[in-house]
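Undergrad: Each residue of the sequence shown is one higher than the last, beginning at 95 in my numbering.
Every residue, glycine too, gets a C-beta built ideally from N, C-alpha and C.
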Amino acid sequence: MRLFEKIKNGLAKTRDGMRSSIEGLLNSFTKIDEDLLEELEEVLILSDIGVTTSQFIVSELRAKIKEKGLSDPQAVKTEIKTIISDILGEFIPLDLSSKPTVVLVIGVNGVGKTTTIGKLASNYVKEGKKVLLAAADTFRAAAAEQLKMWADRSGADIVSSFEGADPASVVYDAISSAKAKDYDIVLCDTAGRLHNKKNLMDELNKISRVITREMGDVKTEVLLVLDATTGQNAVNQAKMFKEAAGITGIILTKLDGTAKGGVVISIKKELDIPVRYIGVGEEADDLQEFDPKMFSDAIFEE
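(1) DSSP beta-bridge partners for G47?
(2) Please tell me whether K273 and S254 are closer than 8 Å, where the distance is taken between their beta carbons.
(3) Whole-angstrom Cβ separation of E184 and P386, contact assumed at under 8 Å?
(4) Short of 7 Å in beta carbon distance, which residues of its chain neighbour M309, apart from the five on each side in sequence? Order them along the chain.
(5) Alpha carbon to alpha carbon, how far is S248 from A215? Give it in angstroms, no decimals.
(6) Taking contact to mean at least 3 C-beta pairs separated by less than 8 Å, is the stretch 255-266 in contact with the stretch 199-206?
(7) If contacts are defined as beta-carbon pairs under 8 Å, then V329 and V357 qualify, I think. What distance do you get, rounded to the angstrom?
(8) Cα-Cα, which of G111, I359, A339 and E337 is closest to L346?
(9) Distance check for A106 and D231, CA to CA, integer angstroms please.
(10) According to the Cβ coordinates, are V225 and L281 closer than 8 Å?
(11) Count the other CB atoms, across all protein chains shown, that sit within 10 Å of the CB of Q168; report buried if there are 16 or more and exposed otherwise.
(12) Compute the Euclidean distance between the alpha carbons of K429 and K125, then round it to the nearest angstrom.
(13) Comparing C-alpha positions only, which one of L138, V316 and V374 sits nearest to V367?
(14) From M95 to I279, what distance separates their C-alpha atoms?
(15) Find out if the Cβ-Cβ distance for the pair L120, K171 is shorter than 8 Å.
(16) Measuring straight from C-alpha to C-alpha, what distance separates I344 and E395?
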């Protein structure tokens, strides 16, 4: 199964770190007791699952051990996998039913936001969709040029303006063009600054008002791009952006380059925002829809 192998390979560092730590711990105990559970909680925290989520997993595990009368430490791994699968829930695809669908992509600088938009565009064009990119990051020099490169590479079209232009006006122009020319999807790049939260909130609110005014009641997807290599810092970013914008999903990039993939679990548990895509490599098709079951299987695969 090529997709599973790609995801499994992309999660190799996370799997090797988390699984080997858990297995090493379980192999050092002959019975299940509080010492094991306390050390397991520490292992989960060190796997970037976060304190709150790690405590929840161990609490659920304690209940399952009591309910099933488990005594063999080796039985714990299966239960942990089940608990993690339950936290992650079912895959929720993007709602692309409207025409056009507007997808607003947000996130701090350096997380791979523009590249992610390019990969999304490439994947959608391959599916036969007509895609328009909106270069609404008018704050960063060369952002529009980078997006233009991805438009050329993917076969998508692009609407852009001059540096320093009003981002909301770029989004307005893109939506107007998309409606007039029968585009399926508008992917909107946005500025990545987070140092001044009020400015960020004001800008995102203005863009959202333009989208609502132009699109009416049509659902808009707001995707937050996070860098998996930053671990729990990604959760903190997600909390700040959740306050600033109505996030409908997370895209987690650079999972192949980190052992901190456990952050996926804490994002879902603590923020209840579904992870929609994960990046497990450099190529366009390395941006994959996030399959929670496949993720759990890949982490605990022997």
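TA: Taking the definition as stated:
(1) No information on residue 47 is available, as it lies outside the stretch 95 to 396 that the chain covers here.
(2) S254 sits away from K273, with the two beta carbons spaced by 8 Å or more.
(3) Right, the Cβ-Cβ distance comes to about 7 Å (below 8 Å), so this counts as a contact.
(4) The beta carbon of M309 sits closer than 7 Å to the beta carbons of V196 and I269 from its chain, once the five residues preceding and following it are set aside; these are given in chain order.
(5) Rounded to the nearest whole angstrom, the CA to CA distance from A215 to S248 is 6 Å.
(6) Counting Cβ pairs under 8 Å, fewer than three are found: no touch.
(7) Rounded, the Cβ-Cβ distance is 6 Å, consistent with contact.
(8) Nearest to L346 by C-alpha distance, out of G111, I359, A339 and E337, is I359.
(9) Each residue's Cα considered, the two are about 34 Å apart.
(10) A contact, by the Cβ cut-off of 8 Å.
(11) Note on Q168: under 16 other CB atoms within 10 angstroms of its CB, so exposed under the neighbour-count rule.
(12) Given that the chain is displayed from residue 95 to residue 396, the structure contains no residue 429 and the question cannot be resolved.
(13) Before going further, note that residue 367 is Ile rather than Val in the sequence given. Looking at the Cα atoms, V316 is the closest of the given residues.
(14) Because the pLDDT at M95 is just 47, under 50, the model does not fix this residue reliably, and the value given afterwards should be weighed accordingly. C-alpha separation (whole angstroms): 29 Å.
(15) Their beta carbons are under 8 Å apart, which means L120 touches K171 by this criterion.
(16) Each residue's Cα considered, the two are about 24 Å apart.
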